[in-house]
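Under the UniProt record's numbering, residues 1 to 399 are what the sequence shown spells out, in order.
Glycine included, C-beta positions come from ideal geometry on N, C-alpha and C.
Each remark here refers to the structure printed beneath this line.
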Amino acid sequence: MNAPIARPTTGLLLMLSALTALTPLATDVYLAAVPVMAEAFGRSLHDIELSISFYLLGFSIGQLLGGPLSDRYGRRRMVLFGLSVFAFGTLMILLSPTLELLWGARVLQALGGGLAVVNTGAIIRDMATGREGAGYMVRVVQVMMIAPLAAPILGMLILKISNWQMIFVFLLLYAAVLIALFRQHLPETSQYRVRGNLFRNYGIVLGERRVWGFIASTCAAYAGLLSFITASPSVYMGYFGISEGAYPFVFGGNVLCMVAMSRVNLKLLKRYNPSQLVSFGQAVQLSMGVLMVLYALLAEHMQLMPLMLMIMAFMGCHGFIVANSTSSTTEFFPQQAGTATALIGALGFASGGLAGAVVSATSDGTPLSMVAMMAGGCLLGITLRFINSRTRPPVSSGD
Numbered sequence: 001m002n003a004p005i006a007r008p009t010t011g012l013l014l015m016l017s018a019l020t021a022l023t024p025l026a027t028d029v030y031l032a033a034v035p036v037m038a039e040a041f042g043r044s045l046h047d048i049e050l051s052i053s054f055y056l057l058g059f060s061i062g063q064l065l066g067g068p069l070s071d072r073y074g075r076r077r078m079v080l081f082g083l084s085v086f087a088f089g090t091l092m093i094l095l096s097p098t099l100e101l102l103w104g105a106r107v108l109q110a111l112g113g114g115l116a117v118v119n120t121g122a123i124i125r126d127m128a129t130g131r132e133g134a135g136y137m138v139r140v141v142q143v144m145m146i147a148p149l150a151a152p153i154l155g156m157l158i159l160k161i162s163n164w165q166m167i168f169v170f171l172l173l174y175a176a177v178l179i180a181l182f183r184q185h186l187p188e189t190s191q192y193r194v195r196g197n198l199f200r201n202y203g204i205v206l207g208e209r210r211v212w213g214f215i216a217s218t219c220a221a222y223a224g225l226l227s228f229i230t231a232s233p234s235v236y237m238g239y240f241g242i243s244e245g246a247y248p249f250v251f252g253g254n255v256l257c258m259v260a261m262s263r264v265n266l267k268l269l270k271r272y273n274p275s276q277l278v279s280f281g282q283a284v285q286l287s288m289g290v291l292m293v294l295y296a297l298l299a300e301h302m303q304l305m306p307l308m309l310m311i312m313a314f315m316g317c318h319g320f321i322v323a324n325s326t327s328s329t330t331e332f333f334p335q336q337a338g339t340a341t342a343l344i345g346a347l348g349f350a351s352g353g354l355a356g357a358v359v360s361a362t363s364d365g366t367p368l369s370m371v372a373m374m375a376g377g378c379l380l381g382i383t384l385r386f387i388n389s390r391t392r393p394p395v396s397s398g399d
């Protein structure tokens with residue numbers, strides 16, 4: 001195996017954080033505008049929330065395509081191409097006269113996002129391995145967490161001074177700035193150029209059964225995260241009756257917890273291997289998931305504060321699972337890092353999109369369907385990882 005090239009600089013890590021923030025920005029910045037958009041299109045809240053699931057569908061497809069393409073053509077080229085497609089899709093959203101056309105434009109926007117963002121993990125894997133690589137990944141996620149905290153607040157502020165379309169103008173400008181930065185400052189990090197059948201690499205990745213448990217864990221974590229994100233406007237503003245102005249701050253509490261726990265994760269990586277930290281995160285999420293389901297079933301009417309605290313604890317462990325699972329998976333594939341990152345990301349977001357769509361379709365106006373999906377997904381992820389660990393040797397800690 002070739003030695004990694006020069007370690008990533010702080011500036012490059014910040015750029016990768018901004019790139020990774022593309023998806024939380026694209027999904028969270030307009031959450032406060034969901035009621036306004038529903039009124040503008042004459043549709044229900046759940047119809048507007050479906051645009052999140054459509055985004056996740058396109059994002060998953062973009063990742064599946066982008067991973068092998070980046071292994072063939074290089075990380076830099078795919079980042080720039082993906083961001084350009086994202087910008088074009090955003091422009092199409094602004095020109096969409098119907099919700100159905102907006103859904104289609106969201107898929108195109110997300111396709112570009114997936115083509116670009118999938119390179120983040122691969123770039124880090126190109127430049128660092130083992131615990132060091134996991135540490136860089138956690139740092140990127142930690143800075144990126146500013147996006148889901150700031151996005152709903154930013155969307156609310158834009159909505160106060162303008163209309164919902166200006167939210168997507170902001171996304172267009174954000175993509176343009178990223179294109180300029182990466183064009184100027186991103187070196188090509190891949191030392192390999194995969195030839196032959198691009199998608200054969202998916203067979204190579206899936207053939208390594210030791211990573212199946214990490215992939216299942218990531219899928220479960222995203223199912224929980226995106227079930228919450230999809231349902232949060234109707235739960236917080238519909239069921240609990242909080243205002244559009246208060247919603248971003250209630251939502252942001254979860255993000256603050258995720259940021260704090262990311263710092264804890266970074267410190268714990270000095271003492272524990274990534275696989276152990278995945279197990280810790282799953283244990284906490286399952287405990288909180290079960291408590292939330294019991295609360296939803298037994299309480300005559302749920303109160304906001306107890307549910308908020310349990311969701312915060314659940315969401316705080318998302319980074320323990322996803323960042324450590326991703327670094328553990330890519331450790332096996334120095335020549336197919338882009339494909340491995342694409343697969344774990346695409347399956348994770350596809351699982352989240354499906355879970356969010358199911359929650360929207362089965363919602364009875366209470367938080368029950370949301371918390372049931374969060375708990376059920378976590379239990380399934382733990383079960384599949386346990387089964388996988390019993391059939392194959394555990395993954396090396398990767399010093």
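With a threshold of 16 other beta carbon atoms within 10 Å, A350 meets it and is buried. W212 sits in a helix when the DSSP states are folded into three classes. Taking C-alpha positions only, G62 is separated from G114 by approximately 4 Å.
Sequence-distant partners of F182 (beyond 5 residues in either direction) whose C-beta falls short of 8 Å from its own C-beta, in its chain, are M15, L19, R76, V79, L80 and L83. If you draw a 10 Å sphere on the C-beta of D71, you find 16 or more other C-beta atoms in it, and that means buried. Taking the Cα positions, E244 is about 10 Å away from V36. The C-alpha of S325 is placed about 7 Å away from the C-alpha of S275. Pairing S262 with V138 gives a Cβ-Cβ distance under 8 Å. Around the Cβ of M305, a 10 Å sphere holds fewer than 16 other Cβ atoms; the residue is exposed. Going by beta carbons, V371 and A296 fall inside the 8 Å limit. In the structure shown, T90 falls within a helical segment according to DSSP collapsed to helix, strand and coil. By the CB criterion at 8 Å, Y222 and G352 fall inside the cutoff. For A116 and T98, the gap between their C-alpha atoms comes out near 27 Å. Note on geometry: alpha-carbon atoms of A355 and P367 lie some 14 Å from one another. Per DSSP, the continuous alpha helix (DSSP H) segment holding A323 begins and ends at H318 to T330. By the Cβ-count criterion, E331 is buried, with 16 or more other Cβ atoms from all chains shown falling within 10 Å of its own Cβ. The C-beta distance from G381 to Q282 rounds to 7 Å, short enough to fall under 8 Å. For P148, the uninterrupted alpha helix (DSSP H) run begins and ends at I146 to I161, by DSSP.
Unbroken alpha helix (DSSP H) stretches of 4 residues or longer found wholly inside the stretch 264 to 309: 274 to 298, given in chain order. Cα atoms of G121 and T218: separation of roughly 14 Å, rounded to the nearest angstrom. For M15, the enclosing alpha helix (DSSP H) stretches over residues T10 to T20.
In summary, R385 is buried, with 16 or more beta-carbon neighbours lying within 10 Å of its beta-carbon over all protein chains present.
In the structure shown, L95 falls within a coil segment according to DSSP collapsed to helix, strand and coil. With a cutoff of 8 Å on beta-carbon distance, S53 and T341 are scored as not near each other.
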